[in-house]
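A.B. asks: First residue of the sequence shown: 1, per full-length UniProt numbering; consecutive thereafter. Even for Gly, the Cβ is constructed at its ideal location relative to N, Cα and C. Everything numeric in this text was worked out from a predicted model, so none of it was measured.
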Amino acid sequence: MSSRRQEDLSQNRFLQVLRASFEGIYRQAAQRGDRTVILVPCAECLEAEHFGQSFVETHLLQASPMPGCFMNHLGQGVEIKENSVATQLGFQEHRLCEVLQKDSMYDLSNTFKVLVIDKPLIGRFKPLSAAVPEPGSAGNLDDLLLHSPSIQGESFDEVPGCENRTAERIREIVTEAVDKLSRQHKVTSASQVAQLEFKVSRQAYTALYSFIFPHLQSLLTEKEDQLQRSVRSYASPDDLLKAVPGGERLCFVDVTESAAELELLEGKIAPHEKIECVDKAHALLQKSIASLAPERSSTPMEITGDDVLSLFILVVYRSQVKNFLAHVCHMEMYLQGPSRSGGGARFEEAGYAVSALQAGLQFFMEEERPVAPTGPSVFSCLGSQGPEEASHLQGLVRSARAQAAR
Numbered sequence: 001m002s003s004r005r006q007e008d009l010s011q012n013r014f015l016q017v018l019r020a021s022f023e024g025i026y027r028q029a030a031q032r033g034d035r036t037v038i039l040v041p042c043a044e045c046l047e048a049e050h051f052g053q054s055f056v057e058t059h060l061l062q063a064s065p066m067p068g069c070f071m072n073h074l075g076q077g078v079e080i081k082e083n084s085v086a087t088q089l090g091f092q093e094h095r096l097c098e099v100l101q102k103d104s105m106y107d108l109s110n111t112f113k114v115l116v117i118d119k120p121l122i123g124r125f126k127p128l129s130a131a132v133p134e135p136g137s138a139g140n141l142d143d144l145l146l147h148s149p150s151i152q153g154e155s156f157d158e159v160p161g162c163e164n165r166t167a168e169r170i171r172e173i174v175t176e177a178v179d180k181l182s183r184q185h186k187v188t189s190a191s192q193v194a195q196l197e198f199k200v201s202r203q204a205y206t207a208l209y210s211f212i213f214p215h216l217q218s219l220l221t222e223k224e225d226q227l228q229r230s231v232r233s234y235a236s237p238d239d240l241l242k243a244v245p246g247g248e249r250l251c252f253v254d255v256t257e258s259a260a261e262l263e264l265l266e267g268k269i270a271p272h273e274k275i276e277c278v279d280k281a282h283a284l285l286q287k288s289i290a291s292l293a294p295e296r297s298s299t300p301m302e303i304t305g306d307d308v309l310s311l312f313i314l315v316v317y318r319s320q321v322k323n324f325l326a327h328v329c330h331m332e333m334y335l336q337g338p339s340r341s342g343g344g345a346r347f348e349e350a351g352y353a354v355s356a357l358q359a360g361l362q363f364f365m366e367e368e369r370p371v372a373p374t375g376p377s378v379f380s381c382l383g384s385q386g387p388e389e390a391s392h393l394q395g396l397v398r399s400a401r402a403q404a405a406r
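Here is the structure:
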């Protein structure tokens, strides 16, 4: 948080107007107790002395089931992190605010949170004279964008209509922003630049989510329906295992935790978070395999790479994800091409986990279902074959991406 002098909330014009002119709205928010967060623009940033109801309701938040995500009284989405507040779905303009002060307020027999921010979520404001971190210091890389509003604004000027741009253009925007931030703050360490790119990239994809992801869902609706029909065509996990290569000997592996982790995909926004989710699901699957042999037999069971892929088919079947193909396409947009991202090394390692998910989906996307465990492996395309022999699913992802670029 900022080292600025603490604000006297009793003298803040926004809070004064909220409590005096919008008593009913304020009372309703206060009665929700710890589920309420009131965002208070600091006195220094406010240009107006009077505020309309829409402005007031924009800054009254209610917690959602998803950690860190809130909804204001107008139904718009707001994300709160440790030291920042960002507008999300429903806002015409992306705005990232710094949290200057955190307080708990007791009123109307309830306690709720108050966050003082450096600018309002909407409308005009007076920029603060922010204190910039020491050049080259490790600092909090999340704060670099907060201290460079003009650079951040230039990046997000590119947002309108960005659902029709390619992933390459997104990377160009990120690279330009990172280069400017690195020069402005004299960040020279390769590791810090890489971490900064990771954070800027994640912010860019988060800001573009409401444009890109619905577009991918629309493009892939027909294929998604086909996938869901194929998944439902198997009456039970046992029925599926009979069709999966090597499935009968893998029936003792418990994929419950892995499937539950994969279901969290539906709550992720940035592809960076989705990749981490898939990687964790893959790691949990390997953990289940490792714990199997001591329980079932004194002789260790040899598990091959194809066995892991076969089990991922079962993970896909057991999870309740509605937009699998759109999520895969979203991850592919970020993963394609070179990156110096601070998460790059991890994501290169996680590439196998994403490929395993693609293979699990590919099994269900095949036009003809395998009828016996001895049938041809659907994973042959993941071997050493050339790009021209890539899987149908990967081709589908590229096709959707090409359409999105038009």
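1. For L15 and V40, which I take to be in contact (beta-carbon distance under 8 angstroms), what is that distance rounded to the nearest angstrom?
2. Please list the terminal residues of the continuous alpha helix (DSSP H) segment that includes E23.
3. Can you list the alpha helix (DSSP H) stretches of 4 or more residues lying completely in the stretch 180-224, in chain order?
4. What distance in whole Å lies between the Cβ atoms of I122 and F55, which are believed to be in contact at a cut-off of 8 angstroms?
5. Quick check on the DSSP output: what are the complete alpha helix (DSSP H) runs of length 4 or more inside the stretch 24-86, in order along the chain?
6. CA-CA distance, E57 and A20?
7. On the premise that L216 lies in contact with C329, defined as a C-beta separation below 8 angstroms, what is that separation, rounded to the nearest angstrom?
8. What do you get for Y26, buried or exposed, if any count of 16 or more other CB atoms within 10 angstroms of its CB means buried?
9. Quick test of the definition: if touching needs 3 or more C-beta pairs under 8 angstroms, does the stretch 88-106 touch the stretch 67-79?
10. Identify the continuous alpha helix (DSSP H) that holds S288 and give its terminal residues.
11. Roughly how many whole angstroms lie between the Cα atoms of F70 and Q62?
12. Roughly how many whole angstroms lie between the Cα atoms of F364 and S258?
13. Between which residues of its own chain and S104 is the CB-CB distance below 8 angstroms, once the five residues before and five after are set aside?
14. Which residues bound the alpha helix (DSSP H) around S310?
15. Alpha carbon to alpha carbon, how far is A252 from P214?
16. Go ahead and pull the three-state DSSP assignment for K322.
17. With distance defined between alpha-carbon atoms, name the residue in I275, T221, E266, I289 nearest to R249.
18. Taking its Cβ as the centre, do 16 or more other Cβ atoms sit within 10 Å of A190, making it buried, or is it exposed?
19. I need the straight-line Cα distance from E7 to C42, nearest angstrom please.
20. With a CB to CB cut of under 7 angstroms and the five nearest residues on each side skipped, what residues in its chain are close to S319?
21. The beta strand (DSSP E) spanning K113 covers which residue range?
22. Report the three-state DSSP secondary structure of L100 (helix, strand or coil).
23. Rounded to a whole number of angstroms, what is the C-alpha to C-alpha distance between V278 and L357?
24. When you compare only the Cα positions, how much space is there between T304 and G360?
25. Within 10 angstroms of its Cβ, does D168 collect 16 or more other Cβ (buried), or is it exposed?
26. For Y106, count the other beta carbons within 10 Å of its own beta carbon; 16 or more makes it buried, fewer makes it exposed. Which is it?
27. Use the C-beta contact count for M333: other C-beta atoms within 10 angstroms, 16 or more gives buried, fewer gives exposed.
28. Please work out which residues of its chain come closer than 6 angstroms, Cβ to Cβ, to S10, disregarding the five sequence neighbours upstream and downstream, and give them in chain order.
29. DSSP three-state call for R19: helix, strand or coil?
C.D. replies: In brief:
1. In the sequence shown, the residue the question calls residue 15 occupies position 15. In the sequence shown, the residue the question calls residue 40 occupies position 40. About 6 angstroms; that satisfies the 8 angstroms criterion.
2. Residue 23 sits at position 23 when you count from the first residue of the sequence shown. Here the alpha helix (DSSP H) through E23 covers 23-30.
3. The alpha helix (DSSP H) runs lying completely inside the stretch 180-224 and spanning 4 residues or more are 190-219, given in chain order.
4. Working through the sequence shown from its first residue, we reach residue 55 at position 55. Working through the sequence shown from its first residue, we reach residue 122 at position 122. Rounded to the nearest angstrom, the Cβ distance from F55 to I122 is 7 angstroms, consistent with a contact under 8 angstroms.
5. Whole alpha helix (DSSP H) segments, 4+ residues: 53-58.
6. Reading the sequence shown from its first residue, position 57 is the one you call residue 57. Reading the sequence shown from its first residue, position 20 is the one you call residue 20. Going from the Cα of E57 to the Cα of A20 covers about 14 angstroms.
7. Taking the sequence shown and counting its residues from 1, the one referred to as residue 329 is at position 329. Taking the sequence shown and counting its residues from 1, the one referred to as residue 216 is at position 216. Distance from C329 to L216 at the Cβ level is roughly 5 angstroms; contact confirmed, criterion being Cβ atoms closer than 8 angstroms.
8. Position 26 of the sequence shown holds residue 26. By the 10 Å Cβ count, Y26 comes out buried.
9. These segments touch.
10. Your numbering for residue 288 matches position 288 in the sequence shown. For S288, the enclosing alpha helix (DSSP H) begins and ends at 271-290.
11. Sequence index remark: in the sequence shown, residue 70 carries index 70 (1-based). Sequence index remark: in the sequence shown, residue 62 carries index 62 (1-based). A direct Cα-to-Cα measurement between F70 and Q62 gives close to 6 angstroms.
12. Taking the sequence shown and counting its residues from 1, the one referred to as residue 364 is at position 364. Taking the sequence shown and counting its residues from 1, the one referred to as residue 258 is at position 258. If I take the Cα positions, the gap works out to 18 angstroms.
13. The sequence position of residue 104 within the sequence shown is 104, counting from 1. For S104, where only same-chain residues beyond five positions count, the Cβ hits under 8 angstroms are T111, F112, K113, V114.
14. In the sequence shown, the residue the question calls residue 310 occupies position 310. That run of the alpha helix (DSSP H) goes 305-318.
15. In the sequence shown, counting from the first residue as 1, residue 252 sits at position 252. In the sequence shown, counting from the first residue as 1, residue 214 sits at position 214. Per the sequence presented here, residue 252 reads as Phe, with Ala not at that position. Those two C-alpha atoms are separated by around 38 angstroms.
16. Taking the sequence shown and counting its residues from 1, one reaches residue 322 at position 322. In the structure shown, K322 sits in coil (DSSP, three-state: anything other than H, G, I, E or B).
17. By 1-based counting over the sequence shown, the position of residue 249 is 249. Nearest C-alpha to R249: I289.
18. Numbered from 1 along the sequence shown, position 190 holds the residue referred to as residue 190. By the Cβ-count criterion, A190 is exposed, with fewer than 16 other Cβ atoms from all chains shown falling within 10 Å of its own Cβ.
19. On the sequence shown, residue 7 is found 7 positions in, with the first residue counted as 1. On the sequence shown, residue 42 is found 42 positions in, with the first residue counted as 1. The alpha-carbon of E7 is positioned some 7 angstroms away from that of C42.
20. In the sequence shown, counting from the first residue as 1, residue 319 sits at position 319. The answer, listed in chain order, is A259, L262, E263.
21. Position 113 of the sequence shown holds residue 113. 110-117 is the extent of the beta strand (DSSP E) around K113.
22. The residue labelled residue 100 in the question sits at position 100 within the sequence shown. The answer is strand: DSSP assigns L100 an E or B state.
23. Counting from 1 along the sequence shown, the entry for residue 278 is found at position 278. Counting from 1 along the sequence shown, the entry for residue 357 is found at position 357. When the Cα atoms are used, V278 and L357 turn out to be separated by approximately 8 angstroms.
24. Position 304 of the sequence shown, counted from the start, is the residue given in the question as residue 304. Position 360 of the sequence shown, counted from the start, is the residue given in the question as residue 360. For T304 and G360, the distance between alpha carbons rounds to 16 angstroms.
25. Taking the sequence shown and counting its residues from 1, the one referred to as residue 168 is at position 168. Sequence inspection shows Glu at residue 168; the Asp mentioned does not correspond to that position. The residue is exposed, with fewer than 16 neighbouring Cβ atoms inside 10 Å.
26. Position 106 of the sequence shown holds residue 106. Classification of Y106: exposed, given that the 10 Å Cβ count is below 16.
27. Taking the first residue of the sequence shown as 1, we reach residue 333 at position 333. By the neighbour-count rule (16 or more Cβ atoms within 10 Å), M333 is buried.
28. Locating residue 10 in the sequence shown gives position 10, counting from the first residue. Cβ within range, chain order: n/a, list empty.
29. Sequence index remark: in the sequence shown, residue 19 carries index 19 (1-based). Note: R19 maps to helix in three-state DSSP.
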